[in-house]
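K.L.:
Whatever position you read off the sequence shown (first residue = 1), add 32 for the working numbering.
In this text, a Cβ means the ideal position worked out from N, Cα and C, and glycines have one as well.
Next up is a structure, given as structure tokens.
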Amino acid sequence: MKAASVLECPACGQANRVPPLGSGKRAVCGRCKSPLDGGGKPVTVTDSDFRQKIRSGAWVVDFWAAWCGPCRMIAPAIDQLAGERTDVRFGKLNVDENPRTAGELGVQGIPLLIFFRDGAEVGRVTGAVPKGQIEAAIQRFLGK
33 MKAASVLECP ACGQANRVPP LGSGKRAVCG RCKSPLDGGG KPVTVTDSDF RQKIRSGAWV
93 VDFWAAWCGP CRMIAPAIDQ LAGERTDVRF GKLNVDENPR TAGELGVQGI PLLIFFRDGA
153 EVGRVTGAVP KGQIEAAIQR FLGK
């Protein structure tokens with residue numbers, strides 16, 4: 033049996049323990065009743081909450097910077113996937129505002145997508161890649 037995931041509500045910030053859901057079922061926040069599927073947007077991740085947010089479940093974290101042209105090119109694909117997929121959580125970490133996490137993970141080039149399963153890194157994709165390549169990486173690294 034799969035363990036429950038802890039998901040932070042994108043609307044109110046409440047931590048919610050969510051068991052594996054059956055087909056067609058969606059989790060909602062226990063406090064504000066908002067959907068816990070990310071609200072169709074990636075979650076902002078910072079140095080202070082990075083480890084807590086990715087500690088359970090499947091995550092794709094986009095390491096980016098505002099001045100990075102290729103980062104802006106890949107952003108719509110990340111946003112679209114965040115809206116389409118409920119089996120994977122998407123996060124964005126601005127490397128200029130959060131250098132500690134970027135340094136700990138050895139981020140040397142952006143855009144960089146790092147794939148995590150239950151807090152452990154399982155793969156990376158570097159560069160402004162098309163949506164199809166991101167989906168293939170999700171399948172390869174996260175089995176989803």
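For a test of the three-state rule: what should DSSP assign to T118, helix, strand or coil?
P.N.:
Note: T118 maps to coil in three-state DSSP.
K.L.:
Kindly indicate which residue of L113, A90, T133, W96 has the alpha-carbon position closest to the one of S164.
P.N.:
The identity of residue 164 in the sequence shown is Gly, whereas the question assumes Ser. Considering only alpha carbons, the answer is L113.
K.L.:
Please name the residue or residues paired with I146 in a DSSP beta bridge.
P.N.:
V93, R156
K.L.:
According to DSSP, is T133 part of a helix, a strand, or is it coil?
P.N.:
helix
K.L.:
Taking 8 Å as the limit between beta carbons, can you name the residues of its chain near R172, skipping five residues before and five after?
P.N.:
G155
K.L.:
Along the alpha helix (DSSP H) that carries A169, what are the first and last residues, could you check?
P.N.:
163–174
K.L.:
Measuring straight from C-alpha to C-alpha, what distance separates P162 and G138?
P.N.:
Cα-Cα distance, rounded: 23 Å.
K.L.:
Can you tell me whether R83 is helix, strand or coil according to DSSP?
P.N.:
helix
K.L.:
With DSSP run on the structure shown, which of helix, strand or coil describes R104?
P.N.:
Note: R104 maps to helix in three-state DSSP.
K.L.:
According to the neighbour-count rule (16 or more other Cβ atoms, all chains shown, within 10 Å of its Cβ), is D119 buried or exposed?
P.N.:
It is exposed - the Cβ of D119 has fewer than 16 other Cβ atoms within 10 Å.
K.L.:
Rounded to whole angstroms, what is the Cα-Cα separation between T78 and C64?
P.N.:
23 Å
K.L.:
Which same chain residues, not among the five before or five after F82, have their C-beta less than 6 Å away from its C-beta?
P.N.:
T133
K.L.:
Leaving out the 5 sequence neighbours to the left and right, which residues in its chain are closer than 6 Å to P102 when beta-carbon positions are compared?
P.N.:
P143, A160.
K.L.:
Are the CB atoms of F122 and V157 nearer to each other than 8 Å?
P.N.:
no
K.L.:
Please name the residue or residues paired with R49 in a DSSP beta bridge.
P.N.:
V38
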